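Input: a single structure, listed below in structure tokens.
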Amino acid sequence: MEFQLLGPVEAREGARRVALSGSKVHTVLAVLLLARGRVVGDSRLSSLLWGWDPPATMNAQIYTYISRLRKHLGSDVELVRRQPGYQLLAEGSHVDMVEFERLDRLGRGALEERRFPEAGELLRRALDLWQGPALSNVTPHLAEAELPRLEESRMSALERRIEADLALARHQRLVPELTGLVGEFPVRERLRAQLMTALYRCGRQAEALRAFHEGRDVLAEELGVDPGTDLTDTYQAVLTGELSRLPQPARLPTSAPYASPYSAPYASPSAPVMLPPDTADFTGRENQFTELCARLAPPPADRRSAFRPRRLLITGMAGVGKTALAVRVAHAVAAEFPDGLLYARLHHEDGTVKDSCAVLAQLLRALGDPSAGLPAPDGSPLQLDELIRRYRTRTAGRRLLILLDDAANELQLDALLPGTSDAAVLVTSRSRLSAVPGSRTVALDPMDRKESLALLAAIAGNARLAVEPEAARTVTEVCAGLPLALRIAGTRLASRPLWPAARLARRLADPATRLGELRVGELDVRRRLDAALRQLPAPELELLRTLVRRGAEPFAATSAALLLGLPETAAEEFLERLVEVSLLEMTGIDSAGEPRYRLHALVRLVVRAGREQRTDRPFTRAS
0 MEFQLLGPVE AREGARRVAL SGSKVHTVLA VLLLARGRVV GDSRLSSLLW GWDPPATMNA
60 QIYTYISRLR KHLGSDVELV RRQPGYQLLA EGSHVDMVEF ERLDRLGRGA LEERRFPEAG
120 ELLRRALDLW QGPALSNVTP HLAEAELPRL EESRMSALER RIEADLALAR HQRLVPELTG
180 LVGEFPVRER LRAQLMTALY RCGRQAEALR AFHEGRDVLA EELGVDPGTD LTDTYQAVLT
240 GELSRLPQPA RLPTSAPYAS PYSAPYASPS APVMLPPDTA DFTGRENQFT ELCARLAPPP
300 ADRRSAFRPR RLLITGMAGV GKTALAVRVA HAVAAEFPDG LLYARLHHED GTVKDSCAVL
360 AQLLRALGDP SAGLPAPDGS PLQLDELIRR YRTRTAGRRL LILLDDAANE LQLDALLPGT
420 SDAAVLVTSR SRLSAVPGSR TVALDPMDRK ESLALLAAIA GNARLAVEPE AARTVTEVCA
480 GLPLALRIAG TRLASRPLWP AARLARRLAD PATRLGELRV GELDVRRRLD AALRQLPAPE
540 LELLRTLVRR GAEPFAATSA ALLLGLPETA AEEFLERLVE VSLLEMTGID SAGEPRYRLH
600 ALVRLVVRAG REQRTDRPFT RAS
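So for the sequence shown, numbering that gives the first Met the number 0 puts the first residue at 0; every next one is plus one.
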């Protein structure tokens with residue numbers, strides 16, 4: 000079965016196009032394909048089908064669309080109900096978007112290694128997969144959610160292909176193409192810099208300089224910003240006649256700014272690549288990013304003394320951006336791991352821990368063991384020990400990067416560690432997992448004010464926030480440096496271009512409505528923090544509810560003991576357990592040599608909200 004997303008959504012079986020009718024059915028198919036085998040919740044499907052105004056019969060209608068897809072797609076595709084929604088499994092099927100991403104990655108790697116003819120060919124093949132605007136026959140709700148990301152991927156690949164052509168001295172043929180592209184996309188600075196380069200190499204210096212001045216005026220009028228470094232450097236080089244001194248190829252916009260010291264390709268065509276896509280507007284965390292990349296892909300001079308085995312752990316509270324950083328790092332060092340990039344999420348959507356056997360079976364299938372999920376010859380399920388043996392055999396001697404997302408504890412993680420040091424492991428977890436042998440930990444704290452404003456601006460737009468600086472500061476303050484909250488706030492502003500930022504700031508400033516505002520689509524601060532709180536035993540959750548009465552000021556174990564009615568030693572042990580699972584911050588040591596603790600503002604708010612509801616129902620995860 001072949002699926003098309005880069006154009007009208009279609010399914011084909013051989014030369015036959017599968018007859019699917021109506022934008023709603025095409026939307027459901029596209030959403031499930033975009034999820035890449037993950038479960039898509041009913042609420043997510045509803046919002047992408049009907050927006051904010053779903054019909055009362057939405058569940059029945061969704062079921063009808065699923066039934067139609069099952070009927071038309073046949074037995075080659077498995078479309079199953081998995082709480083809280085549906086899952087499409089199409090192993091062996093061809094999805095044009097996945098193939099585009101693979102060719103784009105290979106083309107980017109070839110370009111970075113200055114293999115320009117190969118890079119140009121790979122990127123042309125990637126761009127040829129596009130059959131018009133992506134997702135052109137789906138609902139506007141899905142198009143608004145996904146089209147900008149897909150279009151940005153296409154444009155970035157196009158700019159890389161042009162970069163390869165410039166390096167091959169094809170500037171004459173590029174001038175007409177670039178002139179049209181700059182007219183269509185006047186604020187894309189990289190395209191304009193490429194046009195200036197092509198014009199200059201054709202001996203048209205005056206036109207190249209005019210292109211810069213026109214671009215500067217457009218940026219000032221439409222966005223209120225000055226040209227960036229890339230465009231101004233090209234201008235200076237054209238002005239002084241030193242364009243040949245610019246790096247060849249010139250700086251590329253890429254989601255992987257860290258260059259691996261090895262020149263291996265991104266991955267061989269048969270190697271599994273399971274990573275989620277990188278976050279296009281990722282902001283901050285430069286020091287942690289650099290440290291993780293250096294440990295996963297050390298320079299050749301440091302390779303003998305590099306830390307072995309490579310087991311890296313990213314910890315922090317729920318919503319602090321552990322997964323986003325891990326995925327970004329994994330993409331950045333991908334060239335170091337030509338045998339594959341594996342990914343597994345270790346919790347279900349409802350917050351429950353995944354069974355290690357199921358995770359191992361998933362990874363083994365990606366590593367080429369199709370029988371991993373099948374029963375043993377006697378009909379019984381394969382035992383954990385047998386799956387671990389197969390997994391460690393399959394990973395031995397292979398340069399793999401294994402990203403294990405949201406690990407629950409050391410016991411779960413131990414089964415998923417490879418037996419040799421050829422494969423590197425990058426783990427995210429709310430828990431410190433201090434008992435994992437040979438691991439190095441990078442702890443993520445909430446963002447400071449500067450980083451928070453930068454992330455909010457990256458999502459909502461610099462120009463939008465520049466005219467309302469007080470409102471922007473208010474939004475960042477109430478989000479308390481939590482990237483998840485900042486992303487939700489920025490997304491709400493970006494999706495409502497007519498809203499003044501002050502309107503959202505007022506709604507967020509009220510504690511009674513804040514949690515309701517910090518929710519968009521499937522991003523939900525309360526639901527994420529609730530899932531973390533539910534991991535506490537009931538007695539400790541009760542103690543935490545009592546502790547919330549302390550308020551926002553840092554406190555020591557002595558004062559907590561009085562409030563909790565516990566001996567000081569027991570109170571300190573409880574506080575340290577909260578620190579271990581990232582529900583409490585340790586802010587420092589006081590003058591008496593005692594640790595000082597503080598509850599994050601949004602954790603306090605979620606705990607209070609749960610306490611207020613206890614008279615009606617038990618404290619549960621928000622839906």
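Even glycine gets a Cβ: it sits at the ideal position worked out from N, Cα and C.
The model shown is predicted, which means the values in this text are computed figures rather than measured ones.
> Among A531, R491, P445, which has the Cα closest to the Cα of E51?
Replying inline: Residue 51 is actually Trp in this sequence, not Glu. That would be R491, whose Cα lies nearest to the Cα of W51.
>> Taking the alpha carbon of D127 as the reference point, which residue from D225, D95, L105, E143 has its own alpha carbon closest?
In response: D95
> For S428, which residues does DSSP report across the bridge?
Replying inline: T314
>> In chain order, what are the residue ranges of uninterrupted beta strand (DSSP E) at least 3 long that sit wholly in the segment 558-611?
In response: 584-588, 594-597
> At what residue ranges does the segment 95-142 contain a whole run of the beta strand (DSSP E), taking only runs of 3 or more?
Replying inline: none
> Would you say V326 and D277 are within 7 Å of each other, going by their C-beta atoms?
Replying inline: yes
> So A407 and H346 are in contact, right, with Cβ under 8 Å, and what is the actual spacing, rounded?
Replying inline: 7 Å
> When the Cα of V605 is compared with those of R526, E221, S558, Q60, which residue comes out closest?
Replying inline: R526
> Are the segment 562-576 and the segment 506-523 touching, with three or more C-beta to C-beta distances below 8 Å?
Replying inline: no
> Going straight from the alpha carbon of I61 to that of L295, what length do you get?
Replying inline: 44 Å
> With respect to the alpha helix (DSSP H) encompassing T231, which residues constitute its N-terminal and C-terminal limits?
Replying inline: 228-239
>> By the three-class DSSP mapping on this structure, what secondary structure does A479 have?
In response: coil
> Does the separation of the CB atoms of R393 and L412 fall below 7 Å?
Replying inline: no
> Which residues in the same chain have their Cβ closer than 7 Å to the Cβ of R303, if we skip the five residues on either side of it in sequence?
Replying inline: Any answer about R303 is weak, because its pLDDT of 46 lies below 50 and its placement is not dependable; what the coordinates show is given next. If we look at R303 and ignore the five residues flanking it on each side, it has no Cβ neighbours.
> At a cut of 8 Å, does the segment 415-428 reach the segment 450-468 through at least three beta carbon pairs?
Replying inline: no
> Does the distance from the C-beta atom of T557 to that of E567 stay below 7 Å?
Replying inline: yes
>> For a test of the three-state rule: what should DSSP assign to D509, helix, strand or coil?
In response: coil
> Among M0, R533, S590, A530, which residue has its Cα nearest to the Cα of A555?
Replying inline: S590
>> Could you compute how far the alpha carbon of P252 sits from the alpha carbon of S155?
In response: Interpretation of P252 is limited by its pLDDT of 36, a score under 50 that renders its predicted location unreliable; the figure taken from the coordinates is listed afterwards. Approximately 7 Å, taken between the alpha carbons.
> Roughly how many whole angstroms lie between the Cα atoms of S22 and Q3?
Replying inline: 15 Å
>> So, at 7 Å on beta carbons, what are the nonlocal neighbours of L483 in its own chain, with the 5 sequence-adjacent residues on each side left out?
In response: G318, L522, V524, R527
> Between which two residues does the beta strand (DSSP E) carrying T440 extend?
Replying inline: 438-442
> Are the segment 170-178 and the segment 140-160 in contact at 8 Å, needing three or more beta carbon pairs?
Replying inline: no
> What residues are listed by DSSP as bridge partners for F554?
Replying inline: Y596
> How about L400 and L340: are their beta carbons less than 7 Å apart?
Replying inline: yes
>> Would you call the segment 115-127 in contact with the segment 68-88, where contact means no fewer than 3 C-beta pairs closer than 8 Å?
In response: no
> Going by beta carbon distance, what residues of the same chain come within less than 7 Å of L32, once the five residues before and after it are set aside?
Replying inline: F2, L4, L87, V94
> In whole angstroms, what separates the C-alpha of A457 from that of S135?
Replying inline: 27 Å
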